[in-house]
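Numbering-wise (the working numbering), the sequence shown opens with residue 1318 and increments by one. Glycine included, each C-beta is placed from N, C-alpha and C at the ideal position.
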Amino acid sequence: MPSINVSPITDSFGAVLTGVDAKDLLDEAAFAGVEAALYNYGLIALKNQEMDHGTQIEVTRRFGETAIHAQTQYTVPEAQEIYIFGNTLQGSNPAGGRFWHSDQSYQTIPSGLGLMYAVEVPEEGGDTLFADMYAAYETLDADTKERIDGLTARHLWHKVKSPERIAELDEEQQKKLAGATHPVVRVHPKSGRKALFVSAGFTTHIEGMDEDESNELLDRLFAHQARDEFQYSHRWEVGDFVIWDHRCLIHAATYYNPEQRRTLYRTSVEGEPCVSVAEWAEKAA
1318 MPSINVSPIT
1328 DSFGAVLTGV
1338 DAKDLLDEAA
1348 FAGVEAALYN
1358 YGLIALKNQE
1368 MDHGTQIEVT
1378 RRFGETAIHA
1388 QTQYTVPEAQ
1398 EIYIFGNTLQ
1408 GSNPAGGRFW
1418 HSDQSYQTIP
1428 SGLGLMYAVE
1438 VPEEGGDTLF
1448 ADMYAAYETL
1458 DADTKERIDG
1468 LTARHLWHKV
1478 KSPERIAELD
1488 EEQQKKLAGA
1498 THPVVRVHPK
1508 SGRKALFVSA
1518 GFTTHIEGMD
1528 EDESNELLDR
1538 LFAHQARDEF
1548 QYSHRWEVGD
1558 FVIWDHRCLI
1568 HAATYYNPEQ
1578 RRTLYRTSVE
1588 GEPCVSVAEW
1598 AEKAA
C-alpha cells in the first residue's frame, strides 16, 4: 500500500496528494485513504499522472456511478463518460463555464464529483477557480442563515447561454436540461455540514418570492460566495488529476488564449437528491 502524503492548499479546503498515483485508486486500501482525503478537503490534486480514457473511467467508477453529460457532442465518441474541454479536438467545449456553478445543478440529481485530467495546457490562463460553500454558508450572519435554511431555488442550464447554444439542443437534450429545484442550503450526506447551493451560472430565482425580492437575495448570496477568501485558483499543469466535490464547492473557468492548445478530460460521478436542512434534521431526530 502506498504511503499517502497530504499537503493542504488553503486553510479551508483542497490538498495535494503525493505518494499515490491515480492507478493506485483501483487498490482497495489505497482508495480508502484517497477517498477520506477527498471528503475531508473537498478537493484533491494528484500531479504528474499518465492515464488513458479507460483508466480514468475505471478510477471514476471507484467513487460511484459515472454520469454522461446530456450534450454528448462534447464527449469522446468511444467513451462518452469523458467530457472534453479545450480547443484541440473536434467536438470539444473550448471555454467551459466562465461563471460560478456546480455541475448539473439544473438536473434533479446534480453531479456529485468532478474528476479532471489535464493533457495539454496553455502557457498562461485557463485556470479553474474553486470556492468553498461550507465557508460561504458558515460566514453568513445568523439572520440570513435562518432566512435561507428553508428556501428552495430554481436552476436552469440556459440561464447564461446564448440563443445559439440553446438552439443546438435536440429534443432529448431539452428534456434533460429543463431545470430543477433544490434547497438553497444543502446538507452534505457524508459530513453533515451545511453548504450554500446557489450559483450565478445556473440559479435563476428563489421559489415563493417575487422577482425583486428574489434578485436582491440572490445577488447578495452570489457576491458573498465569490469572496476571495473562499477561493482557490488551480493553475493546470500537464498530468494534473483533480477531483472535487460538487456538494460543497462551486467552480468557474477563466480565459486563455485560444491560439494556445488546451485539452482536459472530465468524468463525473452521479450525486444524489439534495438533502435540505429540514430533511437532515428529521433524519437525525
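In three-state DSSP terms, what is E1395? The answer is coil: DSSP assigns E1395 none of H, G, I, E or B.
Leaving out five residues before and five after G1359 in sequence, what residues of the same chain have Cβ atoms less than 6 Å from its Cβ? Contacts found: F1330, D1562, C1565 and L1566.
Evaluate the contact criterion for the stretch 1336-1351 versus the stretch 1361-1370: three or more CB pairs, one atom per stretch, below 8 Å. In short, these stretches touch, since the Cβ pair count reaches three.
Which residue marks the beginning of the beta strand (DSSP E) containing A1448, and which one marks its end? Note, A1448: beta strand (DSSP E), T1445 to D1449.
Along the beta strand (DSSP E) that carries G1431, what are the first and last residues, could you check? Residues S1428 to E1437.
With H, G and I counted as helix, E and B as strand and the rest as coil, what does DSSP make of N1322? Assignment of N1322 by DSSP, reduced to helix, strand and coil, places it in the strand class.
Taking DSSP's pairing of strands, which residues face F1558 in a bridge? DSSP lists L1363 and Y1434 as partners of F1558.
Cβ shell of Q1490 (< 7 Å), same chain only, five flanking positions each side left out: For Q1490, where only same-chain residues beyond five positions count, the Cβ hits under 7 Å are A1387 and Q1388.
Which one of H1418, A1512 and V1559 has the shortest CA to CA distance from G1518? Distances from the alpha-carbon of G1518 to those of H1418, A1512 and V1559 put H1418 closest.
How many whole angstroms separate the CB atoms of T1571 and L1446, which I take to be in contact at a CB cut-off of 8 Å? Contact check for T1571 and L1446: beta-carbon distance about 6 Å, within the 8 Å limit, so the pair qualifies.
Per DSSP, which residues does G1442 bridge with? Please list them. BP columns for G1442 point to Y1573.
May I ask which residues mark the beginning and end of the alpha helix (DSSP H) holding T1492? According to the sequence provided, residue 1492 is Lys. The question's Thr does not apply to it. In the DSSP assignment, K1492 falls within the alpha helix (DSSP H) that extends over E1488 to K1493.
Among all the DSSP beta bridges, which residues are the ones paired with L1343? The partner list for L1343 (beta bridge, DSSP) is empty, contrary to what the question assumes.
Cβ pair Y1573, Q1373 closer than 8 Å: For Y1573 and Q1373, no; Cβs fall outside 8 Å.
At 4 residues or longer, and completely inside the stretch 1504-1531: list those alpha helix (DSSP H) runs for me, N to C. For the stretch 1504-1531, not a single whole alpha helix (DSSP H) run of length 4 or above is found.
Apart from the five residues on each side of it in sequence, which residues of its chain come closer than 7 Å, Cβ to Cβ, to F1643? Past the boundaries of the shown model lies residue 1643; the chain is included only from 1318 to 1602, so the question cannot be answered.
May I ask which residues mark the beginning and end of the alpha helix (DSSP H) holding H1370? For H1370, the enclosing alpha helix (DSSP H) starts and ends at H1370 to F1380.
Return the Cβ separation of S1422 and H1472 in integer angstroms, given the expectation that the two are a contact with Cβ distance under 8 Å. Between S1422 and H1472, the beta carbon gap of about 5 Å places them in contact (Cβ cut-off 8 Å).
Helix, strand or coil for A1598 per DSSP? Residue state for A1598 is assigned as helix, using DSSP reduced to three classes.
What's the C-alpha gap between E1524 and V1376? Cα to Cα, the separation comes out at about 38 Å.
Is it the case that the Cβ atoms of P1287 and S1585 are separated by a distance below 8 Å? Since the first residue of the chain shown is 1318 and the last is 1602, residue 1287 is not available in this structure.
Between the CA atoms of I1401 and A1602 - distance to the nearest angstrom: Near 44 Å, if we compare the C-alpha coordinates of I1401 and A1602.
Verify whether the separation of the beta carbon atoms of V1515 and A1470 is less than 8 Å. Against a cut-off of 8 Å, the Cβ pair of A1470 and V1515 comes out as a contact.
Does DSSP put V1337 in a helix, a strand or coil? Residue state, collapsed to three classes: coil.
G1588: buried (16+ other C-beta within 10 angstroms of its C-beta) or exposed? Buried is the call here.
Going by beta-carbon coordinates alone, are V1393 and I1385 separated by less than 8 Å? No, Cβ-Cβ distance for V1393 and I1385 is not below 8 Å.
With 16 other CB atoms within 10 Å as the buried threshold, where does K1511 fall? K1511 counts as buried, since no fewer than 16 other beta carbons sit within 10 angstroms of its beta carbon.
Neighbourhood of T1383 by C-beta distance below 8 Å, restricted to the same chain and skipping five residues each side: Cβ neighbours of T1383 beyond the five flanking positions: I1374, T1377, E1398, T1584, S1585, V1586 and E1587.
Within 10 angstroms of its Cβ, does R1537 collect 16 or more other Cβ (buried), or is it exposed? It is exposed - the Cβ of R1537 has fewer than 16 other Cβ atoms within 10 Å.
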